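Here is the structure we will look at, set down as structure tokens.
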Amino acid sequence: MKRSLAMARIILSRRMTCWYLSPIIAFGTVAFILVFRSLLLTTGQELHIAAGGGSTAIAVSLLASAITALATCFPLATAVGITRCDVVLGNLLHHLQAVVYNTLLLAGMLVLEGATGGWFINQPIFGTGLLDHGSWFTFWWFTPLSLLATMAMGASVAAAWLWRGTLGLLLHAATTMAIFMTTLWLISLCWDWARFAAHFNAGWLAGSLALVTVLALTGTAALIRRASVRGS
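In terms of this note's numbering, the sequence shown opens at residue 339 and continues consecutively.
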């Protein structure tokens with residue numbers, strides 16, 4: 339466990355990506371939209387942006403962070419005697435830290451968004467429809483699960499790179515696509531799409547996100563066991 343914590347500390351020492359980047363993206367997105375809207379108003383035009391853009395930007399940054407964290411910290415971790423198993427566990431601890439941190443950040447941004455009436459311009463940036471009816475319960479389970487699944491997928495991409503470089507990335511993409519297409523095929527065999535959509539509820543969504551997370555973490559662990567530091 340100590341070595342797992344050491345791996346987590348190595349990753350968390352990357353302060354920009356682990357601590358500063360998400361708030362910068364969150365408030366930077368708000369500032370950009372406010373400035374851009376002001377510029378458009380000088381020309382007599384209105385700005386219409388789909389809700390949820392800020393949340394998507396943070397999710398994309400977490401995906402990139404998950405990829406770079408494992409890819410850059412793996413050689414150092416093995417050099418100081420951290421086992422591959424502890425690398426995976428430490429990386430998972432980093433995921434959990436990032437999920438909690440960014441969920442609280444998004445909750446804070448949503449509260450500010452509501453208190454300011456959409457940043458004083460009636461423009462939702464972080465709302466995604468989850469809170470249209472005051473469903474904070476939905477937010478508190480959906481946001482952590484979706485962020486964890488995103489980071490787990492990013493870590494699996496990094497593990498594929500450490501395993502076989504560009505070939506590993508191609509094999510990862512092919513495997514992911516094969517799993518996705520097989521899932522769609524099986525669904526089409528069992529149900530018609532209209533019936534499936536009618537029965538796809540919050541429980542199905544939560545289960546799907548959990549399954550993606552487990553598959554990605556399992557793949558990461560399997561690939562890290564075979565990864566080469568020299569090939570990283």
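The beta carbon of each residue, even a glycine, is placed where N, CA and C say it ideally should be.
Here the structure is a predicted model, which means the values were calculated and not measured.
Check                                                                                            : Outcome
For Ile525 and Ile517, the rounded distance between their alpha carbons                          : 12 Å
Close beta carbons around Ile348, own chain, < 7 Å, minus the five adjacent residues each side   : Cys411, Leu414, Ala415
Ala548 and Ala490 closer than 8 Å at C-beta                                                      : no
Simplified DSSP state of Ile459, which is helix, strand or coil                                  : helix
Rounded straight-line distance, which links the Cα of Arg533 to that of Leu356                   : Strictly speaking, residue 356 in this sequence is Cys, with Leu absent from that position. For Cys356 and Arg533, the distance between alpha carbons rounds to 42 Å.
Cβ-based burial, Leu500 [other Cβ within 10 Å; buried from 16]                                   : buried
Nearest candidate by alpha-carbon position, reference Ala511, set Val418, Leu431, Ala496         : Ala496
Per-residue burial, Asn460 [other beta carbons within 10 Å of its own, 16 or more giving buried] : exposed
CA-to-CA distance, Phe458 to Gly446, given in whole angstroms                                    : 16 Å
Cβ separation of Ile463 and Ile396, assumed to be a contact under 8 Å, to the nearest whole Å    : Between Ile396 and Ile463 the Cβ distance is about 11 Å, and since that is not below 8 Å, they are no contact.
With 16 other Cβ atoms within 10 Å as the buried cut-off, status of Ser566                       : exposed
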